[in-house]
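Residue numbers (the working numbering): 3 to 225.
The following block contains the structure:
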């Protein structure tokens with residue numbers, strides 16, 4: 003089943019890619035989560051038109067790449083995103099987001115697959131490597147800012163991340179402890195249900211074999 007990705011999906015593709023996936027994967031995961039849409043001929047044609055237009059504004063020589071690198075080297079991208087109290091994002095900033103923002107602010111097309119970053123999942127200040135041409139690379143300064151606010155000082159960002167890491171480790175330790183307690187309780191229940199070997203041995207020792215002399219007299223035969 004052919005779909006157009008609406009978001010970057012790990013191990014599948016980037017936003018705007020046309021992918022061929024199993025129908026069950028599409029119906030049960032991608033479509034309900036609004037990660038993709040049907041690849042209708044009209045939508046595919048529209049995407050191809052947009053990509054062709056953008057392709058006119060990418061580096062086609064080392065000289066052009068160096069000119070673009072000079073521009074992007076002075077550029078600061080800014081993403082305002084929803085974030086929790088410890089700085090974790092409700093979502094992420096992906097290579098596709100970076101490429102789209104470069105296009106929006108500088109009208110320069112860069113290959114999303116040559117933006118060397120994993121999805122950004124915390125607020126902070128980043129320098130993202132972008133390959134523009136063979137042997138031509140530039141680092142683009144990027145700010146991921148909490149929605150409606152500003153970035154705190156770097157020391158506070160480090161402290162927030164450390165606190166979140168510590169809280170996650172404590173939660174994992176607690177979950178492991180609860181799991182161990184549950185396993186122990188199950189083992190105790192199983193042990194209680196199993197017969198005691200010592201009791202079985204005592205019963206066997208106390209049992210007296212029935213001697214022939216102890217057998218009840220047989221009733222007299224009928225005359």
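For each residue, glycine too, the CB sits at the ideal point set by N, CA and C. Quantities reported herein were computed from a predicted structural model and do not represent experimental measurements.
Contacting residues, own chain, Cβ-Cβ under 8 Å from residue i (five flanking each side not counted)
| i | result |
| --- | --- |
| residue 89 | 124, 125, 126, 148, 159, 162, 163, 166 |
| residue 136 | 64 |
7 Å CB neighbourhood of residue i in its chain, flanking five on each side removed
| i | result |
| --- | --- |
| residue 70 | 61, 110, 134 |
| residue 269 | No answer is possible for residue 269: it lies beyond the span of the chain, which begins at 3 and ends at 225. |
| residue 49 | 6, 18 |
Within 8 Å, strictly: CB atoms of residue i and residue j
| i | j | result |
| --- | --- | --- |
| residue 35 | residue 3 | no |
| residue 28 | residue 41 | no |
| residue 20 | residue 52 | no |
| residue 146 | residue 95 | yes |
| residue 144 | residue 128 | yes |
Buried versus exposed call for residue i [16 or more other C-beta atoms within 10 Å across all chains shown]
| i | result |
| --- | --- |
| residue 22 | exposed |
| residue 15 | buried |
| residue 80 | exposed |
| residue 112 | buried |
| residue 10 | buried |
| residue 182 | exposed |
| residue 104 | buried |
| residue 142 | buried |
| residue 115 | exposed |
| residue 73 | exposed |
| residue 140 | buried |
| residue 57 | exposed |
| residue 193 | exposed |
| residue 177 | exposed |
| residue 12 | exposed |
For residue i, three-class secondary structure by DSSP
| i | result |
| --- | --- |
| residue 89 | coil |
| residue 144 | strand |
| residue 97 | helix |
| residue 50 | helix |
| residue 9 | coil |
| residue 40 | strand |
| residue 70 | helix |
| residue 23 | coil |
| residue 79 | strand |
| residue 124 | strand |
| residue 138 | strand |
| residue 129 | strand |
| residue 4 | strand |
| residue 225 | Low local confidence applies: a pLDDT of 48 at residue 225 is under 50, so the model's placement there is unreliable, with the coordinate-based value given in what follows. Note: residue 225 maps to coil in three-state DSSP. |
Contact belief for residue i with residue j at Cβ below 8 Å, rounded distance in angstroms
| i | j | result |
| --- | --- | --- |
| residue 8 | residue 17 | 6 Å |
| residue 83 | residue 93 | 7 Å |
Sequence-distant residues of the same chain with beta carbon closer than 6 Å to residue i, five excluded per side
| i | result |
| --- | --- |
| residue 67 | 61, 134, 135, 138 |
| residue 86 | none |
| residue 91 | 83, 85, 123 |
is_contact[residue i, chain D] using C-beta, thresh 8 Å
| i | result |
| --- | --- |
| residue 148 | Absent from the structure: chain D. Only one protein chain is present. |
Closer than 7 Å: residue i CB and nearest the ligand MN heavy atom
| i | result |
| --- | --- |
| residue 77 | The ligand MN is absent from the structure shown, which contains no ligand whatsoever. |
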